[in-house]
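Remarks on the structure that follows.
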Amino acid sequence: MARRATELFPDLGAHCDEAHCIQIDFLPFECNGCGGSFCSAHRAYADHGCAKAADPGRTVVLCPDCGDAVERASPGQPDRDVLDAHARSRRCDPARKATRRPPPPRCPAPRCREAVTASNATHCKGCGLKVCLKHRFPDAHGCSGSAARAAAEVEAAVPPAGACQGCGAFRGVARGVPGLYRRVKSSFRPCWAGGA
1 MARRATELFP DLGAHCDEAH CIQIDFLPFE CNGCGGSFCS AHRAYADHGC AKAADPGRTV
61 VLCPDCGDAV ERASPGQPDR DVLDAHARSR RCDPARKATR RPPPPRCPAP RCREAVTASN
121 ATHCKGCGLK VCLKHRFPDA HGCSGSAARA AAEVEAAVPP AGACQGCGAF RGVARGVPGL
181 YRRVKSSFRP CWAGGA
């Protein structure tokens with residue numbers, strides 16, 4: 001049993017129960033194996049020589065037929081013996097593995113492994129893909145539909161008042177789309193700008 005720490009605060013903390021440790025710990029760790037109080041240096045089973053240190057715990061084997069986790073009866077039991085006993089117990093049903101729910105779809109952005117669910121997904125208006133919230137912007141998921149759609153809208157735009165009557169060009173049509181105005185400006189010369 002641990003001795004109490006100080007005269008002023010007899011209910012606060014304890015000495016470490018390790019035989020050669022004299023540390024007073026005000027927040028000692030209690031071992032669930034032997035019930036002793038230990039300092040942070042001796043809190044692990046192996047550090048204070050607890051009998052529970054040799055216990056490997058519970059281990060399971062996954063059945064390849066039905067997908068169930070089958071617990072080992074003894075710590076050293078081979079996987080094949082565990083699976084054979086599971087098959088003989090008539091709890092192994094391969095049809096049950098086929099009826100399991102498929103995993104949720106993943107975000108289609110490159111190197112993104114986020115599961116796309118109802119609460120963290122959005123539909124891209126440019127390409128129509130269902131992406132996670134981190135890739136909701138067109139440049140974040142490599143959207144191919146937004147640039148093509150913007151170019152089609154510019155080409156289909158009706159020339160407003162003030163457009164050239166000879167060719168139908170107007171300077172302000174492509175100014176709202178980044179990069180498109182430079183391409184239109186460099187490759188197209190309307191008749192009012194000296195072009196044919």
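Position 94 (the sequence shown) corresponds to 94 in the UniProt record's numbering; numbering is contiguous. We treat Cβ as the ideally placed atom computed from N, Cα and C, and that holds for glycine.
Range of the contiguous beta strand (DSSP E) that encloses residue i
i      : result
ALA121 : 121-123
LYS130 : 130-132
LEU62  : 60-62
Collapsed DSSP secondary structure at residue i in the structure displayed
i      : result
VAL116 : coil
SER37  : strand
ALA14  : strand
Cα-Cα separation between residue i and residue j, rounded to whole angstroms
i      : j      : result
ASP84  : PRO75  : 16 Å
CYS34  : ALA53  : 10 Å
VAL60  : ARG88  : 17 Å
GLY36  : GLY57  : 20 Å
PHE29  : CYS21  : 14 Å
ALA41  : THR122 : 50 Å
ARG80  : PRO104 : 32 Å
PRO64  : ARG106 : 24 Å
GLU7   : ASP47  : 29 Å
LYS134 : HIS15  : 51 Å
ASN32  : GLY13  : 18 Å
ASP139 : ALA118 : 22 Å
CYS143 : PRO102 : 27 Å
PHE26  : ASP11  : 10 Å
PHE38  : ALA44  : 9 Å
THR69  : ALA115 : With the sequence shown as reference, residue 69 is identified as Ala, and Thr is not the correct amino acid for it. Roughly 24 Å separates the two Cα atoms.
CYS67  : ARG96  : Contrary to the premise, residue 67 reads as Gly rather than Cys in this sequence. If you take the alpha carbons of GLY67 and ARG96, they lie about 8 Å apart.
First through last residue of the alpha helix (DSSP H) which encompasses residue i
i     : result
ALA46 : 45-48
On the three-pair Cβ rule with 8 Å, is the segment 104-111 touching the segment 81-92? No, the segment 104-111 is not in contact with the segment 81-92.
Any chance you could list the alpha helix (DSSP H) runs of at least 4 consecutive residues sitting entirely within the segment 69-112, in chain order? Here the runs fully enclosed are 79-88 and 94-98.
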